[in-house]
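Below you'll find the structure, written out as structure tokens, and then a few comments.
Protein chains in written order, with our numbering: chain L, 215 to 1225; chain A, 257 to 626.
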């Protein structure tokens, strides 16, 4: 079809295929074209999210779009997220309704009794309303008390809770310490209703690439002919730590150098430019032995397309050290060697696979010398070295150990000169083998094995899979806070394991269990073996605690208890086994085993499996989970977890768009949880406790008064006070408490992650804490009613006039209440900012101001029936015994609380108390002793051969990929629309129905047509 | 196939995060402001409960409260109070007959006299109260059964009282003034006090009717309607409350400053009590200019015009004579409470001190778990 659009327009065909599904590894369909059927399988479709490489364009047919794509099918359902506090609050509100009904019933019964005994004979002065008998009066009084006591039902609670969450969300948005200057990204709280849950996280599920790592590989160190490069030493021979400011090697002499490449050790460049033959061979090897595709759109602007980033890093290193891989054809590789163009003839690529763990190329130099260049895992290459290299091998092994200890990916390089005659013979065999029908693979392997021996060692490279800044420290901090981190990655096991070591999740003293079986039984076997090893005495059957929870206790929960294990263990499970382990009959086994381990790494998992793992933990642990990721494949787990965090700015917006919180760097997670989350949780709990206390105290006074007013639903307080109590007098102070309060500041929070633990255990607010708050308010309300009652019941003013009248008593009771409630708030406030002062004192001042206004002559004369309390404050607040009563009441309410708190601090101090005391004593936290990750001296090593699957070797030599003529750029059709339209406008997907005739397709790429 | 293996990482590369935010404001960074408020670094006072603050507080409160309590208690004890129940429940009570034969319709007032003896002389001003028990002046329906506009002298409310006054809003088609259950149940016993000399002569003790209501009530809250002082004309067209024997404008016909709505007995009654047992100021006995006590010890007779029925609802009527102090009437509770709370504080302080000493080594040290 070529690049002719007319032909494309004339293309007629029909695709029949499977309906949309979430299996990434399977596709079934047929393309009918010109009466002929072509089978379509997984190799012939491009999945959403793929990147097109080494071609400027291709023709395709869209089969599924939008939500029907396999990727979106994997992303899981969006659930409405509520916090556990929300659920608890609903239950409590329900309880409160019950409590209200009980109180009203008691009072209604009281009313019936009163009406029968007292009311019936008091009719002389207070006649019954016509037609209202005892029972009806009692019924009416029930509803009257529902109205009078409705303040216990915290209607304003929900509003206040949302305001507090919003405030705390703004603090997250505003935090400069979570702002990433490099791509100008501040942290963002995208959901404003989940903040306090951040203080209760027990499990974190993290993606690897782009989240823990930067997905950038850098060539860090190398060992050439027994000499190590890459470290810098000062004059006294001390190793200098490499930082941002360390002087970089200047590559400006090389016009083709990649400006982004950074290397610090200048001696290597000197060695190379000094024409050291081993160093040159080293980089020549790196420039030749790979499957990277070059792209040179403009002269000198080289771009490498590598299958794996570490291969790209090695070729880029060679490029900067003067061995620039310029272009390749199926038969040749063009390299600029120290500015000189050299064209090598490419005779064979002996590609990677998982068993070989190495790759080789055989090239002929322009001088006609035949050479085999080989790179691979150290253990593999060492077996194939020529005995003459033994001495060098020892030195290199030392370097390799050092590199592995630093968590670098190592690779050993070797070469071998070949005889022409030998090569001819080998080529013949090779040709036979590669065209053979039976046992082709085995025969090729044998041939490879034969030629890759007696190699001469050149040296070793060390590539760093760059972790994001501060990842090991963050993980250590979170571990101190008792948060368990599970890594769920699509990467291969070796890569994941390697990262596990470099970010301190796996440690040398840990025993690591691998689960990678292929049958359900084998998976069970392996899981059980691991479990028995860790905890030999544990019961075979997991102990599942069943409970009921939720609204009306309808929701059934099953909880698997944590089991204690000695020693440190880790579990690494691959996607295939995970598939079996997530089945109904094995999931508990998986959960038990996984929860015994300090670290769990799941590799090769699909997006859906990520979500399933999260759901498993959610279901059986009743713990709060957090998922963090950056790519579209993390969307499902971000949605599944209680809290989803998206890493923004690197890999598009998919993860961020479905997340609840987003920021640019993994390390901000510790601040989000240990500082903001902890504060939010603390504040919310304080708020709830106080709010319930304040409303119950307010209401219960009415309850006690009912016994003195014939259960007639007479209120204790003035109507104006009732109206303004929740909205004006106490609204701002409690908001001030719950938006600004902090028990210890952020430095202390981060210095002592242990402070996070009470949140995971629901320590600050639970049904118990609620009950305590209610007890306290019962006590307070008793004091608030009966002290004024006793102090006032038959006394008079200091001029003999009345003071026990209803209005004066109301004023006294409400003033006492407000003072008590304010002092209680002061006791709860741990962090007195100017705003807290303003709110508390301002509200008290507002109370007196409003009271004086509402009770003033002027307002009364305008509306006598609305302001009947005229003059009350002038007549009673001038009385010394009124003030003495207020003083006594407040003290009696507060003293027991203070005494109890003090005793608790003395006898059973919580970690918060200790920390607050410590902060009080010391001011600033002592800086943490610098905890360097312990150096690992290990035989564990890695090679980049592990990092990707079978290479491009076949493609490179198959001639399919390169046109001899330069590619035409399709100006008119593709690029214009692509760049201008697609970038600015959101994509609109059409919903497609599941008809066999599908709209889209991919297939007809140029390659399949052209040969 | 030239495409690489599946790699969702490059998903949606074209919806780039930064491209949306480019355009005009590219120079402006999204870096949050560095203000103490936004960074939650507001300077703050962070008090904590330490032994150094809590223990002294308890001792100081104890030390302050006990003397105040003693002072209050002594003051309260120095107040002289005399109380006599004249309901007439027992047959021996002189008012038994009046109580027994009470009828709203009787035209002849029933009189009874109670004699009593004051053991101690009452110095300074003496206040005479009437006390009612089991009288639910704080019942919701009772409390709201009034019309403040009418009592404030509003003309339209006078002729058209508020609905709240039902069933004492109108009587025989005429609006009741003052309307409502409170006004209707105005206390209308008349109490007179006679001092019996050692030689048996009865001298009437002069009881002052004015100055018993709050100033704000008398001058702001309660006002007679109309401008002229002829109350009879003003209240023309209104009915007296059902229970009353005379209309409101005849409560004190001789003193226009104490008649109608601004009659102080009426005002005092209208200030409803908070509790079912209450006392209200009835009269004041001013102290004499010379040094003789206001009410010397000796025999007295209380002459009661028994108009107010309370027996039907098991109520009680009392007459109380009391002197006052700076802290009001006799009420030992406040003094006792202060002494008790002060002692408890002191005691708690000691207990806390012991606890503090016992546990000090364990707590607050930096044994933070890891």
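Think of the CB as a built atom: it goes at the ideal place given N, C-alpha and C, for glycine as much as any other residue. Since the model is a prediction, treat every value here as computed from it, not as a measurement.
Neighbouring residues, chain L, relative to residue i (Cβ below 7 Å)
i                      : result
residue 534 of chain A : 1018
residue 594 of chain A : 1102
residue 411 of chain A : The premise fails here: residue 411 of chain A is roughly 13 Å from chain L at the closest Cβ pair, so nothing lies under 7 Å.
residue 556 of chain A : Those do not exist, as residue 556 of chain A stays about 19 Å from chain L at its closest Cβ, beyond 7 Å.
residue 606 of chain A : Chain L residues near residue 606 of chain A: none, gap ~12 Å exceeds 7 Å.
residue 612 of chain A : 1120
Residue i Cβ short of 6 Å to the ligand SAH heavy atom set
i                      : result
residue 780 of chain L : In terms of ligand content, the structure shown is empty, and the ligand SAH therefore cannot be addressed.
CB contact below 7 Å: residue i versus chain L
i                      : result
residue 417 of chain A : no
residue 394 of chain A : yes
residue 615 of chain A : yes
residue 322 of chain A : no
residue 389 of chain A : no
residue 569 of chain A : yes
residue 359 of chain A : no
residue 451 of chain A : no
residue 281 of chain A : Here the model assigns residue 281 of chain A a pLDDT of 43, short of 50, so the residue's position is not dependable and the matter cannot be decided.
residue 379 of chain A : no
residue 296 of chain A : yes
residue 398 of chain A : yes
residue 310 of chain A : yes
residue 665 of chain A : Outside the shown range of chain A (257 to 626) lies residue 665 of chain A, about which nothing can therefore be said.
CB contact check: residue i to chain A, cutoff 7 Å
i                       : result
residue 398 of chain L  : yes
residue 271 of chain L  : no
residue 1072 of chain L : no
residue 588 of chain L  : no
residue 1009 of chain L : yes
residue 1014 of chain L : yes
residue 1120 of chain L : yes
residue 673 of chain L  : no
Interface residues of chain A facing residue i [CB-CB closer than 9 Å]
i                       : result
residue 1097 of chain L : Those do not exist, as residue 1097 of chain L stays about 10 Å from chain A at its closest Cβ, beyond 9 Å.
Inter-residue CB distance, residue i and residue j (contact presumed, cutoff 8 Å)
i                       : j                       : result
residue 540 of chain L  : residue 548 of chain L  : 4 Å
residue 529 of chain A  : residue 393 of chain A  : 4 Å
residue 573 of chain A  : residue 445 of chain A  : 7 Å
residue 1001 of chain L : residue 1102 of chain L : 6 Å
residue 447 of chain A  : residue 558 of chain A  : 6 Å
Which residues DSSP lists as bridging residue i, in chain order
i                      : result
residue 413 of chain A : Beta-bridge pairing links residue 413 of chain A to no other residue.
residue 816 of chain L : L/702, L/787
residue 732 of chain L : DSSP output for residue 732 of chain L lists no bridge partner at all.
Amino acids of chain A, ordered along the chain, whose beta-carbon sits closer than 7 Å to that of residue i
i                       : result
residue 1089 of chain L : 470, 472
residue 924 of chain L  : 392, 395
residue 1045 of chain L : 300, 302
Interface partners of residue i on chain L, CB under 9 Å
i                      : result
residue 423 of chain A : 341, 343, 344
Per-residue contacts from residue i into chain A (C-beta, under 8 Å)
i                      : result
residue 707 of chain L : Under the 8 Å cutoff, chain A gives no residues; its nearest Cβ is about 17 Å from residue 707 of chain L.
Within chain L, partners of residue i - CB distance below 8 Å
i                      : result
residue 686 of chain A : This structure does not reach residue 686 of chain A, given that chain A is present from 257 up to 626, and the question cannot be answered.
Using a Cβ-Cβ cut-off of less than 8 Å, give me the residues of the stretch 512 to 546 of chain A that come near chain L, in sequence order. 524, 527, 528, 529, 530, 531, 532, 533, 534, 535, 536, 537, 540
Residues in the stretch 778 to 790 of chain L having any Cβ partner in chain A nearer than 8 Å: none
Residues in the stretch 572 to 599 of chain A having any Cβ partner in chain L nearer than 8 Å: 578, 580, 581, 582, 583, 584, 585, 586, 587, 589, 590, 593, 594, 597
According to a CB-to-CB cut-off of less than 7 Å, which residues of the stretch 461 to 489 of chain L neighbour chain A? none
Any C-beta of chain A within less than 7 Å: which residues of the stretch 931 to 952 of chain L qualify? none
Between the stretch 897 to 927 of chain L and chain A, which residues of the former have CB atoms less than 8 Å from a CB of the latter, in chain order? 922, 923, 924, 926, 927
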